[in-house]
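Enquirer: Numbering (the numbering used here), first residue to last: 15 to 548.
#1: Might you give, ordered along the chain, the residues of its own chain that have their beta carbon closer than 8 Å to the beta carbon of residue 270, omitting 5 neighbours on each side?
#2: Is the distance from the Cβ of residue 248 to the Cβ of residue 260 below 8 Å?
#3: With C-beta atoms as the reference, is residue 197 less than 8 Å away from residue 178?
#4: Could you check the C-alpha separation between residue 245 and residue 359 for me, to the nearest Å?
#5: Just to check my reading of the structure: residue 161 and residue 531 have Cβ atoms closer than 8 Å, yes? What is that Cβ distance to the nearest angstrom?
#6: To the nearest angstrom, how far is it from the Cα of residue 352 to the Cα of residue 335?
#7: What beta strand (DSSP E) runs, 3 residues minimum, are completely inside the segment 177 to 238?
#8: In chain order, what residues of the same chain have a beta carbon less than 6 Å from the beta carbon of residue 462, not counting five sequence neighbours either side?
#9: Report the rounded CA-to-CA distance for residue 40 versus residue 354, giving the unit in angstroms.
#10: When we look at the beta-carbon of residue 146 and count the other beta-carbons within 10 Å, is it buried (16 or more) or exposed?
#11: Check the C-beta distance from residue 439 over to residue 409 and give it rounded, since I have them as a contact under 8 Å.
#12: I need the boundaries of the beta strand (DSSP E) containing residue 526, first residue and last residue.
#13: Contact check, residue 275 vs residue 265 under 8 Å by CB: the rounded distance?
#14: Using a Cβ-Cβ cutoff of less than 7 Å, which residues in the same chain neighbour residue 183 once the five nearest sequence positions on both sides are dropped?
#15: Smallest Cα separation from residue 417: which of 144, 367 and 404?
#16: Report the CB separation of residue 42 from residue 54 in whole angstroms; it is logged as a contact under 8 Å.
#17: If residue 350 sits next to residue 333, beta carbons under 8 Å apart, how far is it from one beta carbon to the other, in whole angstroms?
#18: Assign residue 458 to buried or exposed, taking buried as 16 or more other Cβ atoms, counted over all protein chains shown, within 10 Å of its Cβ.
#19: In the structure shown, what three-state DSSP assignment does residue 278 receive?
#20: Pull up the distance between the alpha-carbon of residue 200 and that of residue 194, whole angstroms please.
#21: What does the Cβ neighbour count give for residue 224, buried or exposed, with the cut at 16 atoms within 10 Å?
#22: So what does DSSP say about residue 382, is it helix, strand or coil?
#23: Counting along the chain, where does the beta strand (DSSP E) carrying residue 339 start and finish?
#24: Just mark residue 441 as buried or exposed, buried being the case when its beta carbon has 16 or more other beta carbons within 10 Å.
#25: Exposed or buried, which one is residue 6 when buried takes at least 16 other CB atoms within 10 Å?
#26: Express the C-alpha separation of residue 526 and residue 497 in angstroms, rounding to a whole number.
#27: Using the Cβ count rule (16 or more neighbours within 10 Å means buried), how would you classify residue 466?
#28: Suppose the cutoff is 6 Å on Cβ atoms and the five residues either side in sequence are ignored; what does the same chain contact list for residue 296 look like?
#29: What are the boundary residues of the beta strand (DSSP E) that includes residue 398?
#30: Quick one, are the C-beta atoms of residue 505 and residue 479 less than 8 Å apart?
#31: Give me whichever residues DSSP pairs with residue 520 in a beta bridge.
#32: Grab me the residues of residue 230's own chain with a C-beta within less than 6 Å of its C-beta, minus the 5 sequence neighbours each way, in chain order.
#33: Quick check on DSSP: helix, strand or coil for residue 440?
#34: Run through DSSP, which three-state label would residue 241 get?
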């Protein structure tokens, strides 16, 4: 480890000696946010390169994808939360002009360089790649333990591994993976399911043949066909300016164990248009898919997906699936419809409303024995949700949401009401305090859950702790008795280093004479690519 850091220091000093300016830190301000890009304004972007990482609050937050003389277009990484007017930092910024011989330097201006101007990009001994490597990943191991005075103990181990490696070695190849493993150590005596479960949710390699053409192989979810889910096979997409077309071919994962199933062949294509401007972003896709089982048509449907952001304040999303195949001679069926809108009135107020309508998807070959039952119960299950968040003062957030699920025959109806208040910084004692309440009513059950939680830094930026209490009451329609359950819990989160983190949580719950003890521990290792210097 000491040799590793010594090498970094050596190369850092060597590069500083070769550069015209010493490394420095530059501050930028977020001026615009879309669903895909973040725009950052600097006094000057000299020394900032495509692929550089911008930090917020000391953490990697944005990756630079293009620059002008005073602005940088970025994409969000590490699930970083960023909003307009946020301050980000470009660290270790250096001038790229080598000290060869004295030259006259023009006075910098705020004007954009004309596209017909002479290329003054520094010349290196080897050709610089158009692609920049960016690798980030996470591996974790966790244990879940439950012991009770009235039921069997349960113990489970779980591991997860995720990796996104863009342009490995500054090449045209990228890889993406998400794998999970779960082992049930002490299953109940009557347990008949698997005790060792290994799932691959994402495992693929992508090749950027040109800036406008990519091809992917493996298990992949296409964001332009998110309702399709994972595909085991090939995908390709070609852009023509703002327009794009794509093709998908491969196999659906198995219905029961999510493994590979060579009988479930599927194929299709899509086309769409994408607009990315300073005050407007939009992506609209229309596609068709054929899904088979052992060579016979299982399902055929058309799908539509739209996402747009207007002036950073309004976000619209919609998706639809229209089934156009039936062995019964029936007409097309709208099996899925989802609409949502989010609007930010100001930094202190935002709201969201959504509507969805779903019908049972019929796979005519996979579920042959149940088709009549599905068609007899061909009712749309619908839902409406509204949410409002308000920040009346800097340290206080208030929020409320209401959702309702229903269908035309009045069956399976439920209403849910949720509210919360959060103080991000308590006066005098410090820390964060949250109180929430949830009420749910259905035809057979009414529940009310109240919760309070207090969390704070124990060692600044190193160790956090929290404690909570939750009370839940359940009223069943077919019982006269009300059940009350209390939960008492807390935990610690230790940030060992930038890439290592350990957490432990415990909970004690009671319901009547039953007492349950739960423990959850997790060790997480994050890793990032090392920034390459020239």
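All residues carry an ideal CB built from backbone N, CA and C; glycine is no exception. Computed from a prediction, not measured in an experiment: that's the story for all the values here.
Expert: Straight from the coordinates:
#1: Position 256 of the chain shown holds residue 270. No residues qualify anywhere along the chain.
#2: Along the chain shown, one-based indexing puts residue 248 at 234. Along the chain shown, one-based indexing puts residue 260 at 246. Cβ atoms of residue 248 and residue 260: not closer than 8 Å.
#3: Translated into the one-based positions of the chain shown, residue 197 becomes position 183. Translated into the one-based positions of the chain shown, residue 178 becomes position 164. Going by C-beta atoms, residue 197 is not nearer than 8 Å to residue 178.
#4: Here residue 245 refers to the residue found at position 231 of the chain shown. Here residue 359 refers to the residue found at position 345 of the chain shown. Spanning the two alpha carbons is a distance of roughly 39 Å.
#5: Position 147 of the chain shown, counted from the first residue, corresponds to residue 161. Position 517 of the chain shown, counted from the first residue, corresponds to residue 531. Sure, about 5 Å apart at Cβ, within 8 Å.
#6: Indexing the chain shown from 1 puts residue 352 at position 338. Indexing the chain shown from 1 puts residue 335 at position 321. Distance between the alpha carbons of residue 352 and residue 335: 9 Å.
#7: 187 to 198, 210 to 224 and 227 to 235
#8: Here residue 462 refers to the residue found at position 448 of the chain shown. Excluding sequence neighbours, residue 462 sits near 453 and 487.
#9: Here residue 40 refers to the residue found at position 26 of the chain shown. Here residue 354 refers to the residue found at position 340 of the chain shown. Going by the C-alpha atoms only, they are around 38 Å apart.
#10: Locating residue 146 in the chain shown gives position 132, counting from the first residue. So residue 146 ends up on the buried side.
#11: Within the chain shown, residue 439 is the residue found at index 425, counting from 1. Within the chain shown, residue 409 is the residue found at index 395, counting from 1. That pair is a contact at about 5 Å.
#12: Locating residue 526 in the chain shown gives position 512, counting from the first residue. Note, residue 526: premise wrong, no beta strand (DSSP E); not H, not E.
#13: Stepping through the chain shown from its first residue, residue 275 is reached at position 261. Stepping through the chain shown from its first residue, residue 265 is reached at position 251. The pair is a contact, with the Cβ atoms about 6 Å apart (cut-off 8 Å).
#14: By 1-based counting over the chain shown, the position of residue 183 is 169. Counting only Cβ-Cβ distances below 7 Å, and skipping sequence neighbours, we find 147.
#15: Working through the chain shown from its first residue, we reach residue 417 at position 403. If we check each option's Cα against that of residue 417, 367 comes out closest.
#16: One-based indexing of the chain shown puts residue 42 at position 28. One-based indexing of the chain shown puts residue 54 at position 40. That pair is a contact at about 4 Å.
#17: Start at 1 with the first residue of the chain shown, and residue 350 comes out as number 336. Start at 1 with the first residue of the chain shown, and residue 333 comes out as number 319. About 7 Å; that satisfies the 8 Å criterion.
#18: Looking up residue 458 in the chain shown gives position 444. Exposed, because fewer than 16 other Cβ atoms sit within 10 Å of the Cβ of residue 458.
#19: As a working note, residue 278 is residue 264 in the chain shown. If DSSP states are grouped into helix, strand and coil, residue 278 belongs with coil.
#20: Locating residue 200 in the chain shown gives position 186, where the first residue counts as 1. Locating residue 194 in the chain shown gives position 180, where the first residue counts as 1. Straight-line spacing of the CA atoms in residue 200 and residue 194 works out to 19 Å.
#21: Residue 224 sits at position 210 when you count from the first residue of the chain shown. The residue is exposed, with fewer than 16 neighbouring Cβ atoms inside 10 Å.
#22: As a first step, residue 382 is located in the chain shown; it is residue number 368 there, counting from the start. Residue 382: helix per DSSP, three-state reduction.
#23: In the chain shown, residue 339 corresponds to position 325, counting from 1. Careful: residue 339 lies outside any beta strand (DSSP E) and carries neither H nor E.
#24: Taking the first residue of the chain shown as position 1, residue 441 is located at position 427. So residue 441 ends up on the exposed side.
#25: Coverage of the chain is limited to positions 15 through 548, which leaves residue 6 absent and any answer about it impossible.
#26: Taking the chain shown and counting its residues from 1, the one referred to as residue 497 is at position 483. Taking the chain shown and counting its residues from 1, the one referred to as residue 526 is at position 512. Rounded to whole angstroms, residue 497 to residue 526 spans 8 Å at the Cα level.
#27: Here the question's residue 466 lines up with position 452 in the chain shown. Exposed.
#28: For this step, residue 296 is matched to residue 282 along the chain shown. The residues are 289 and 322.
#29: In the chain shown, the residue the question calls residue 398 occupies position 384. Residues 395 to 407.
#30: By one-based count along the chain shown, residue 505 stands at place 491. By one-based count along the chain shown, residue 479 stands at place 465. Yes. Within cutoff.
#31: The residue labelled residue 520 in the question sits at position 506 within the chain shown. Paired residue(s): 504 and 533.
#32: On the chain shown, residue 230 is found 216 positions in, with the first residue counted as 1. So the list reads 218, 220 and 249, once near-sequence residues are dropped.
#33: For the purposes of this step, residue 440 is taken as the residue at position 426 of the chain shown. Coil, per DSSP.
#34: Locating residue 241 in the chain shown gives position 227, where the first residue counts as 1. The three-state secondary structure of residue 241, taken from DSSP, is helix.
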